[in-house]
Amino acid sequence: MANSLKSAQYLIESRLLDAARGDASAYFDLGVAFSTGTGGVDVDLIQAHKWFNLSALGGNIEGQQCRADVSAEMSRDEIAEAQRQARAWLDETARRPAARRYAA
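Heads up: the sequence shown begins at 511 in the numbering used here, then just goes up one per residue.
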């Protein structure tokens with residue numbers, strides 16, 4: 511059991527690293543994890559919507575469909591929060607290369 515939890519945590523961590531690089535498939539995988547509770551995470555529809563939204567913005571058709579499915583189960587306030595978090599993620603990841611450039 512401990513090994514499967516470690517594997518799940520590694521999967522989430524590696525997908526987060528890929529997501530930080532703008533990988534739309536990583537966004538989608540994280541959306542699936544948070545919408546189903548797989549990968550050692552709790553079900554969190556706000557997080558699921560955030561990741562599916564980012565996936566959809568990256569051109570992933572499945573991400574668009576899953577975002578719509580998750581939205582049907584959420585309130586307007588929850589959707590607005592998920593969208594805010596997606597924008598914040600994009601802003602944060604867009605600034606990372608600039609921050610590294612100036613730190614050198």
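Note that the Cβ used here is the ideal one computed from N, Cα and C, for glycine as well.
message: If the criterion is Cβ atoms closer than 7 Å, does the pair G569 and F538 meet it?
response: Result no, Cβ atoms of G569 and F538 do not sit closer than 7 Å.
field: Under 7 Å between C-beta atoms of A534 and S565
entry: Yes, these two residues count as a Cβ contact at 7 Å.
Reference F562, options G550, V551 and A536, closest by Cα: When each option's Cα is compared against that of F562, the closest is A536.
field: Completely contained alpha helix (DSSP H) runs for the segment 514-563, where each covers 4 or more residues
entry: For the segment 514-563, whole alpha helix (DSSP H) runs of length 4 or above, ordered along the chain, are 534-546.
- request: Answer with buried or exposed for Q575, where buried requires no fewer than 16 other C-beta atoms within 10 angstroms of its C-beta.
  value: It counts as exposed.
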